[in-house]
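A.B. asks:
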DNA sequence: CTGTATAAAGAGACCGGTCTCACAACATAT
DNA sequence: ATATGTTGTGAGACCGGTCTCTTTATACAG
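Residue numbers (full-length UniProt numbering), protein chains in the order written: chain A, 1 to 356; chain B, 1 to 356.
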């Protein structure tokens with residue numbers, strides 16, 4: 001294997017310059033596409049570069065220009081369809097503007113998020129899109145701003161932070177879905193979310209550290225209250241983080257004296273887990289229990305019955321976030337804003353009508 | 001907004017050194033964690049760094065060390081569950097070894113793949129994992145090798161390229177699935193893949209430019225041949241790239257004089273499209289048509305009936321690819337290998353038994 | 001034919017780290 | 001007291017680009 005040398009020093013502008021018999025500065029002008037160079041010299045340099053298979057060192061380039069052409073994205077969980085769709089939206093916006101994307105996974109954990117942010121700042125990304133795991137620990141995000149790196153929050157807003165955010169209209173979405181359930185005659189409604197929580201219960205909505213979840217819960221509760229239903233917090237359950245947890249949450253929920261007749265799932269993963277739980281408990285949807293899930297995920301349209309969902313238009317959210325960030329990077333004079341992407345309820349077959 | 005200045009020069013080692021009243025070299029030693037420095041000076045420097053909120057410039061660091069700590073991944077389509085799972089496997093392996101990951105999407109297009117590879121090489125990634133869109137255009141991959149950057153192919157192998165590859169045991173998987181279908185009494189079997197093709201038909205297996213698809217088709221065909229079934233190529237269809245295409249492929253396939261009784265889907269996206277097509281055609285699975293899909297995707301276990309699948313263990317594949325690449329980066333003396341991750345057939349309910 | 005404007009090419013500083021080498025200070029051996 | 005070693009610190013080259021400033025060559029005007 002003659003190429004096992006492995007690190008034969010890469011070809012540099014200096015090498016090309018020497019081969020083309022011009023100065024390093026001139027070669028750099030040709031290869032970097034700036035300044036003025038005669039056609040003849042340009043050809044010489046290009047020929048030499050091709051012969052040597054010159055590839056520019058973007059690192060060095062970034063060092064002197066101060067721009068990396070990269071935008072960093074910190075998401076909760078790439079495997080979640082919500083985020084992978086969002087990432088595609090961001091990537092598309094980025095590509096259109098000539099930027100590339102580095103993705104880092106936080107696993108919805110604060111420490112991982114912090115170090116991901118630090119890492120990306122270290123790599124001198126031109127801007128950052130972050131899905132903050134918690135809205136009550138924001139020092140690291142403050143630092144991003146202080147470092148002069150444009151920042152856009154995704155899916156969750158932090159009012160104290162005076163920074164752009166792209167979110168769904170979570171409150172309205174929850175309100176619409178909840179009103180629909182009530183209109184169908186349901187009176188005992190549960191809201192199930194994946195957010196970590198000490199115990200499954202909930203006492204103080206204001207303390208939910210994830211704004212998307214909080215606003216949905218608020219919307220949910222406000223509808224129950226306006227409908228005059230008792231104990232609006234009673235059927236709210238957090239902590240459906242994995243299969244076992246969800247199973248036990250659902251089991252406990254349904255074995256109450258008067259169990260809920262409808263479940264609202266905070267995201268498509270929770271929705272899927274709930275679906276499977278109900279299936280394994282031998283319960284039929286929507287005859288025994290009704291459900292609505294957030295996100296128009298793959299699986300929701302092929303089940304029997306197909307699942308009624310809140311369509312979040314995540315791709316648009318991602319694209320918008322990307323565009324906004326790029327506008328910031330290019331110093332567009334914009335007011336700090338929270339951009340809300342509207343959602344819509346897609347009625348399929350997972351909600352029963354209850355006669356009373 | 002007092003921080004609208006936006007680019008207040010970042011804090012450098014020199015700044016920290018000045019504040020700590022030591023030389024740049026000493027400050028660098030403390031901040032970079034190399035060399036020897038007395039405890040007293042270390043404290044001074046750390047204090048100054050903390051006060052100034054120093055963050056190292058990884059770009060500059062990479063420039064002098066020649067290592068970026070990044071591995072580049074070029075995948076076909078992040079939104080495909082296959083790839084997002086693989087990416088998680090790769091990321092986990094990377095994180096464990098202290099590497100970070102940049103992801104680029106090729107959209108299964110050769111040009112996009114080439115420019116992604118170029119870009120990543122330009123960013124001086126320490127290694128590259130690529131899912132080659134085609135196995136017959138490999139000059140850009142040759143160049144990666146010539147540039148001295150370790151490379152691991154993912155999901156598809158290219159024997160001519162003398163480079164590590166991590167794939168499934170595609171041939172065996174297809175054989176197992178096909179034999180199973182035949183054992184259930186099926187005699188007219190179709191294979192449907194998403195690969196681009198001029199027309200849907202297929203004349204020369206050897207010319208399939210994607211090794212995974214080719215090997216699966218080979219396996220499929222070999223079983224049909226060994227079972228003495230006529231015209232093994234007859235029901236092989238490529239080009240099920242999107243919903244419309246798949247619909248028309250399926251429609252044409254089933255409106256033949258003697259339509260296939262079982263379909264084998266090349267990946268979970270194709271599988272899902274097939275499922276929906278059949279549903280919209282009013283055909284029942286498995287009564288009217290049987291099917292098997294590759295990949296244990298979300299949706300396959302919640303349909304009615306649940307789908308019999310070929311479980312590909314993609315996470316393991318990704319992890320293995322990551323580990324292999326890192327071993328290469330760290331100059332482990334390994335022979336070039338093709339690593340095959342075994343698959344297994346998970347029988348669920350989408351295949352009917354045909355009595356004859 | 002000289003003066004000046006202009007275009008093209010070269011020289012070298014710079015970005016922010018790492019790292020080699022020189023050197024100073026002090027401890028231990030002879 | 002001198003030689004030798006050890007440890008901690010400073011000076012400055014270097015990575016591979018960009019970019020400013022200077023120099024050289026050429027064109028055109030007076």
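Glycine included, C-beta positions come from ideal geometry on N, C-alpha and C.
1) Distance cutoff 8 Å, beta carbons only. Does residue 164 of chain A sit that close to anything in chain B?
2) Mind pulling the chain A residues with CB within less than 9 Å of residue 55 of chain B?
3) Taking only the alpha-carbon atoms, compute the straight-line gap between residue 217 of chain B and residue 238 of chain B and give it to the nearest angstrom.
4) Output the boundary residues of the alpha helix (DSSP H) element that contains residue 291 of chain B.
5) By the DSSP assignment, the alpha helix (DSSP H) with residue 271 of chain B in it spans what residues?
6) Using a Cβ-Cβ cutoff of 8 Å, what residues of the region 238-268 of chain A are near chain B? List them in chain order.
7) Nearest to residue 188 of chain B by alpha carbon, out of B/213, B/230, B/204 and B/206?
8) So, with DSSP's three-state summary, where would you put residue 64 of chain A?
9) Could you give the C-beta distance for residue 28 of chain A and residue 48 of chain A, rounded to a whole number, given that I count them as a contact under 8 Å?
10) Just mark residue 312 of chain A as buried or exposed, buried being the case when its beta carbon has 16 or more other beta carbons within 10 Å.
11) Distance cutoff 8 Å, beta carbons only. Does residue 303 of chain A sit that close to anything in chain B?
12) Counting only runs of 3+ residues fully inside the region 23-95 of chain A, write out the beta strand (DSSP E) ranges in chain order.
13) Check for me: the alpha helix (DSSP H) holding residue 110 of chain A runs from which residue to which?
14) Does DSSP put residue 131 of chain A in a helix, in a strand, or in coil?
15) Are there three or more Cβ pairs, one per stretch, closer than 8 Å when the region 150-160 of chain B is compared with the region 86-100 of chain A?
16) Use the C-beta contact count for residue 186 of chain B: other C-beta atoms within 10 angstroms, 16 or more gives buried, fewer gives exposed.
17) State the Cα-Cα distance for the pair residue 93 of chain B and residue 319 of chain B, rounded to the nearest angstrom.
18) Could you check whether residue 70 of chain B and residue 126 of chain B sit closer than 8 Å to each other, using their CB atoms as the reference points?
19) Give the DSSP bridge partners of residue 168 of chain A, in chain order.
20) What residues in the region 274-301 of chain A have a beta carbon less than 8 Å from any beta carbon of chain B?
21) Just the chain B side, please: which residues come within less than 9 Å of residue 325 of chain A by C-beta, in chain order?
22) Alpha carbon to alpha carbon, what distance is there between residue 138 of chain A and residue 340 of chain A?
23) Is it buried or exposed, residue 39 of chain B, if we count other Cβ atoms within 10 angstroms and call 16 or more buried?
24) DSSP puts residue 237 of chain A in a beta bridge; with which residues?
25) Kindly say whether residue 87 of chain B, judged by its beta-carbon, lies nearer than 8 Å to any beta-carbon of chain A.
26) Is the beta carbon of residue 339 of chain A within less than 7 Å of some heavy atom of the ligand GDP?
27) From the DSSP output, in three-state form, read off residue 308 of chain B for me.
28) Can you tell me whether residue 322 of chain A is buried or exposed? The criterion is at least 16 other CB atoms within 10 Å of its CB, across all chains shown.
29) CB-CB under 8 Å to residue 110 of chain B, same chain, minus the five flanking residues each way: which ones, in chain order?
30) Report yes or no: is there a C-beta of chain A within less than 8 Å of the C-beta of residue 28 of chain B?
31) Can you tell me whether residue 152 of chain A is helix, strand or coil according to DSSP?
32) Less than 6 Å between C-beta atoms, sequence neighbours within five positions excluded: which residues of the same chain meet that for residue 352 of chain A?
33) Between the Cα of residue 236 of chain A and those of A/174, A/269, A/275 and A/307, spot the shortest distance and give me the residue it belongs to.
34) Check whether the Cβ of residue 102 of chain A lies closer than 8 Å to any Cβ atom in chain B.
35) Listed in chain order, which residues of the region 74-85 of chain B have Cβ atoms closer than 7 Å to some Cβ of chain A?
36) List, in chain order, every chain B residue whose beta-carbon is nearer than 8 Å to that of residue 46 of chain A.
C.D. replies: In terms of the structure at hand:
1) No, because no Cβ of chain B sits closer than 8 Å to the Cβ of residue 164 of chain A.
2) Residues of chain A passing the Cβ test: 118, 121, 122, 143 and 147.
3) About 11 Å.
4) Where residue 291 of chain B is concerned, there is no enclosing alpha helix (DSSP H), although the beta strand (DSSP E) it sits in stretches over 290-294.
5) Residue 271 of chain B -> alpha helix (DSSP H) spans 268-280.
6) Answer in chain order: no residues at all.
7) Selected option, being the one with the closest Cα: B/230.
8) Three-state DSSP puts residue 64 of chain A in a helix.
9) Residue 28 of chain A to residue 48 of chain A, Cβ: 13 Å. No contact.
10) So residue 312 of chain A counts as buried.
11) Yes, residue 303 of chain A counts as interfacial toward chain B.
12) The qualifying runs are 70-75.
13) Secondary structure note for residue 110 of chain A: its alpha helix (DSSP H) is the uninterrupted segment 110-122.
14) Judged by DSSP in its simplified three-state form, residue 131 of chain A adopts coil rather than helix or strand.
15) Pairwise C-beta distances place the region 150-160 of chain B out of contact with the region 86-100 of chain A, as fewer than three of them are shorter than 8 Å.
16) The residue is buried, with at least 16 neighbouring Cβ atoms inside 10 Å.
17) Their Cα atoms are separated by approximately 5 Å.
18) Yes, they are a contact pair.
19) For residue 168 of chain A, the beta-bridge partners assigned by DSSP are A/341.
20) Taking a C-beta cut-off of 8 Å against chain B, the contacting residues of the region 274-301 of chain A are 275, 276, 279, 297, 298, 299 and 301, listed in chain order.
21) For residue 325 of chain A, there are no neighbours in chain B by C-beta distance under 9 Å, as the nearest C-beta there is about 14 Å away.
22) Approximately 21 Å between the Cα atoms of the pair.
23) It counts as exposed.
24) Residue 237 of chain A pairs with A/192.
25) Yes - at least one Cβ of chain A is within 8 Å of the one on residue 87 of chain B.
26) This structure lacks the ligand GDP, and indeed carries no ligand of any kind.
27) Here DSSP, grouped into helix, strand and coil, assigns residue 308 of chain B to strand.
28) Buried.
29) Apart from sequence neighbours up to five positions away, the residues of its chain that approach residue 110 of chain B with a beta-carbon distance below 8 Å are 133, 134 and 137, ordered along the chain.
30) With respect to chain A, the C-beta atom of residue 28 of chain B has no partner C-beta closer than 8 Å.
31) The answer is strand: DSSP assigns residue 152 of chain A an E or B state.
32) Answer for residue 352 of chain A: 286 and 290, listed in chain order.
33) Comparing Cα positions, the closest option is A/174.
34) Residue-level contact check: residue 102 of chain A touches chain B, since one or more beta carbons of chain B fall below 8 Å from its beta carbon.
35) Contact annotation: in the region 74-85 of chain B, residues whose CB is within less than 7 Å of a CB in chain A are 78, 79, 84 and 85.
36) Residue 46 of chain A does not reach chain B, its nearest Cβ partner there being about 16 Å away, counting only Cβ pairs nearer than 8 Å.
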